[in-house]
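**Student:** Add 117 to a position in the sequence shown, counting from 1, and you land on the number used in my numbering. A virtual CB, placed ideally from N, CA and C, is assigned to each residue, including glycine. None of the values given here were measured: they were computed from a predicted structure. Below are the structure tokens for one structure; questions will follow.
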Amino acid sequence: MHATFPLLAKTDFPRLRRKQLETLQVNLGYKCNQTCLHCHVNAGPNRTEMMDGETMDMVLAVLARRKVKTLDLTGGAPELNAHFRRLVVAARKLGVRVIDRCNLTILSEPGQEDTAEFLASNSVEVVASMPCYSVERVDRQRGEGTFDKSIAGLQKLNALGYARPGAGLVLNLVYNPQGPQLPPEQTALEADYKRELDKHFGVAFDQLFALANMPIQRFGSTLISKGQFQPYLQLLKDSFRQDNLESVMCTSLVSVDWQGYLFDCDFNQMLVMPLQLAEAARPHLRDLLLHDPANGRIRVADHCYGCTAGQGSSCGGALKAA
118 MHATFPLLAK TDFPRLRRKQ LETLQVNLGY KCNQTCLHCH VNAGPNRTEM MDGETMDMVL
178 AVLARRKVKT LDLTGGAPEL NAHFRRLVVA ARKLGVRVID RCNLTILSEP GQEDTAEFLA
238 SNSVEVVASM PCYSVERVDR QRGEGTFDKS IAGLQKLNAL GYARPGAGLV LNLVYNPQGP
298 QLPPEQTALE ADYKRELDKH FGVAFDQLFA LANMPIQRFG STLISKGQFQ PYLQLLKDSF
358 RQDNLESVMC TSLVSVDWQG YLFDCDFNQM LVMPLQLAEA ARPHLRDLLL HDPANGRIRV
418 ADHCYGCTAG QGSSCGGALK AA
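Here you go:
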């Protein structure tokens with residue numbers, strides 16, 4: 118795999134500082150039942166890195182100490198971590214909002230047949246990856262049969278009350294472009310998704326998050342191989358919008374890797390750019406117990422243009438109307 122950080126490190130991206138910590142985004146491990154081209158984590162079935170129970174206990178301690186409002190669980194497939202359910206239950210008991218970034222196909226994997234019921238019973242918000250409402254495009258990006266399994270997962274979640282009026286169970290979908298281009302305008306695309314998924318499959322969801330692909334890890338390496346890295350990076354820079362800086366996720370979020378080390382965002386985690394906190398050279402959850410990250414300087418590189426290009430892009434979708 119081609120290294121992307123040397124192509125991104127020298128940057129003129131504006132300086133940023135943290136606000137109050139609101140979200141702890143925790144990567145529970147890189148193991149996944151899928152291998153997707155756009156995956157910036159380079160996750161897959163053969164990855165073995167998984168967060169252990171002791172580190173998860175420290176996650177819970179930080180949630181309580183810092184009064185964090187949201188726990189955002191990522192992977193890989195976070196549900197494959199043996200401690201996933203214990204963490205969810207404990208966080209919910211603390212009154213923390215829990216988000217599960219689910220690839221949908223995991224819900225039909227052996228041993229995961231009751232995962233959807235578990236999520237519903239604990240009022241976990243589901244952010245489900247669904248790159249298109251077309252079987253051909255989804256299977257081309259994620260593998261044959263992925264679309265049908267994804268639809269089955271969505272139908273199962275709907276049957277449990279997700280995205281149904283009055284149920285209080287939130288189901289959001291995520292769109293990523295298939296190649297080196299910016300995502301289309303989120304509101305119009307959401308309307309297309311809702312119309313097509315309801316018409317053909319009876320599937321409902323709450324919101325669509327349109328996210329830009331980051332030129333790092335697997336996707337970035339593919340761009341380098343195809344000679345598309347620099348043109349895509351230039352597209353991100355040319356599409357920069359200053360007003361998106363106020364809403365970028367890194368100002369209120371801390372990303373935690375499977376070992377408990379801290380980063381400004383999930384993308385910095387993949388580029389091994391540690392968060393700057395007190396005197397710690399490589400800050401860990403234990404340092405977050407002692408030090409408030411508010412007002413700290415955020416580390417930036419050229420990939421940050423991906424979050425500020427056009428309508429903007431964050432874990433919660435577009436930042437502005439395009």
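(1) Would you identify the three-state DSSP class for V371, choosing helix, strand or coil?
(2) Roughly how many whole angstroms lie between the Cα atoms of K343 and G270?
(3) For S238, is the classification buried or exposed, using 16 other Cβ atoms within 10 angstroms of its Cβ as the cut-off for buried?
(4) Just verifying my parser: in three-state terms, what is the DSSP assignment at L133?
(5) Comparing alpha-carbon positions, which option in F235, R312, T304, G296 lies nearest R335?
(6) Rounding to the nearest angstrom, what Cα-Cα distance links K316 and Y147 in this structure?
(7) N289 lies in the beta strand (DSSP E); which residues open and close that run?
(8) For M175, which three-state DSSP category applies?
(9) Which residue wins for smallest C-alpha separation from M167, given the options D265, V176, A199, I223?
(10) If you draw a straight line from the alpha carbon of F357 to that of L340, how long is it in whole angstroms?
(11) Please determine, among G433, T191, L407, K127, the residue with the shortest C-alpha to C-alpha distance to L328.
(12) Using alpha carbons as the reference points, say which of D309, C367, A276 lies closest to V287.
(13) Between T222 and chain E, is there a C-beta pair that is closer than 8 Å?
(14) In chain order, which continuous runs of the alpha helix (DSSP H) of length 4 or greater are located wholly inside the segment 191 to 242?
(15) Three-state secondary structure (DSSP) at K354?
(16) Would the segment 358 to 378 and the segment 391 to 401 be scored as touching if the rule is three or more Cβ pairs under 8 Å?
(17) What's the call for R266, buried or exposed, on a 16-neighbour Cβ count within 10 Å?
(18) Excluding the 5 residues flanking D323 on each side, which residues of the same chain have their C-beta closer than 7 Å to its C-beta?
(19) Suppose you measure from the CA of S369 to the CA of Q137; what does that come to, to the nearest Å?
(20) For A194, is the classification buried or exposed, using 16 other Cβ atoms within 10 angstroms of its Cβ as the cut-off for buried?
(21) Could you check which residue in F235, Q229, N163, T232 has the C-alpha nearest to that of D149?
(22) I'd like the span of the alpha helix (DSSP H) that includes A269, first residue to last.
(23) With distances taken between CB atoms, is the gap from L325 to Q303 smaller than 8 Å?
(24) Here's a check: name, in chain order, each residue in its chain whose Cβ is nearer than 8 Å to the Cβ of R202, leaving out the five neighbours to either side.
(25) Mind checking which residues open and close the beta strand (DSSP E) that includes N144?
(26) With 16 other CB atoms within 10 Å as the buried threshold, where does N412 fall?
(27) Can you name the residues that DSSP bridges to S431?
(28) Kindly identify the DSSP beta-bridge partner or partners of I415.
(29) Can you tell which of V213, R209, Q229 has the C-alpha that lies nearest to the C-alpha of N220?
**Tutor:** Quick look at the numbers:
(1) In the sequence shown, residue 371 corresponds to position 254, counting from 1. V371 falls in the strand class under three-state DSSP.
(2) As a first step, residue 343 is located in the sequence shown; it is residue number 226 there, counting from the start. As a first step, residue 270 is located in the sequence shown; it is residue number 153 there, counting from the start. When rounded, the distance between both Cα atoms is 34 Å.
(3) Reading the sequence shown from its first residue, position 121 is the one you call residue 238. S238 comes out exposed.
(4) To locate residue 133, count along the sequence shown from 1; it is residue 16. Of the three classes helix, strand and coil, the one that applies to L133 here is strand, per DSSP.
(5) Within the sequence shown, the letter at position 218 stands for residue 335. Of the candidates F235, R312, T304, G296, the one whose C-alpha sits nearest the C-alpha of R335 is G296.
(6) Your numbering for residue 316 matches position 199 in the sequence shown. Your numbering for residue 147 matches position 30 in the sequence shown. One C-alpha to the other measures close to 35 Å.
(7) The residue you call residue 289 lines up with position 172 of the sequence shown. Element bounds for N289: 288 to 292.
(8) As a first step, residue 175 must be located in the sequence shown, where it is residue number 58. Note: M175 maps to helix in three-state DSSP.
(9) On the sequence shown, residue 167 is found 50 positions in, with the first residue counted as 1. Out of D265, V176, A199, I223, A199 has the C-alpha closest to the C-alpha of M167.
(10) By 1-based counting over the sequence shown, the position of residue 357 is 240. By 1-based counting over the sequence shown, the position of residue 340 is 223. Straight-line Cα distance between these residues: approximately 20 Å.
(11) Here residue 328 corresponds to residue number 211 of the sequence shown, with the count starting at 1. Closest by alpha carbon: G433.
(12) Indexing the sequence shown from 1 puts residue 287 at position 170. Cα-wise, what sits closest to V287 is A276.
(13) Absence of chain E from the displayed structure is noted, only one protein chain being present.
(14) 201 to 210, 232 to 238
(15) In the sequence shown, residue 354 corresponds to position 237, counting from 1. Helix.
(16) yes
(17) Residue 266 sits at position 149 when you count from the first residue of the sequence shown. It should be noted that the sequence gives Lys, not Arg, for residue 266. Counting Cβ neighbours within 10 Å, K266 comes out buried, since at least 16 surround it.
(18) Within the sequence shown, residue 323 is the residue found at index 206, counting from 1. Here the set comprises A280, V287, L288, N289.
(19) For the purposes of this step, residue 369 is taken as residue 252 along the sequence shown, with counting starting at 1. For the purposes of this step, residue 137 is taken as residue 20 along the sequence shown, with counting starting at 1. Approximately 6 Å between the Cα atoms of the pair.
(20) Numbered from its first residue, the sequence shown carries residue 194 at position 77. Result: buried.
(21) Indexing the sequence shown from 1 puts residue 149 at position 32. First, the residue type needs correcting, since residue 149 is Cys and not Asp in the sequence shown. When only C-alpha atoms are compared, the closest one is N163.
(22) Within the sequence shown, numbered from 1, the residue matching residue 269 stands at position 152. Note, A269: alpha helix (DSSP H), 263 to 276.
(23) In the sequence shown, residue 325 corresponds to position 208, counting from 1. In the sequence shown, residue 303 corresponds to position 186, counting from 1. It is a contact, given that the beta carbons lie within the stated cut-off.
(24) Residue numbering aside, residue 202 sits at position 85 when the sequence shown is read from its first letter. Around R202: F235.
(25) Your numbering for residue 144 matches position 27 in the sequence shown. Where N144 is concerned, the enclosing beta strand (DSSP E) stretches over 140 to 144.
(26) Locating residue 412 in the sequence shown gives position 295, counting from the first residue. Looking at its Cβ environment, which holds fewer than 16 other Cβ atoms inside 10 Å, N412 is exposed.
(27) Within the sequence shown, the letter at position 314 stands for residue 431. Looking at the DSSP assignment, S431 forms a beta bridge with G434.
(28) Translated into the one-based positions of the sequence shown, residue 415 becomes position 298. Per DSSP, L133.
(29) Here residue 220 refers to the residue found at position 103 when the sequence shown is read from its first residue. Closest by alpha carbon: Q229.
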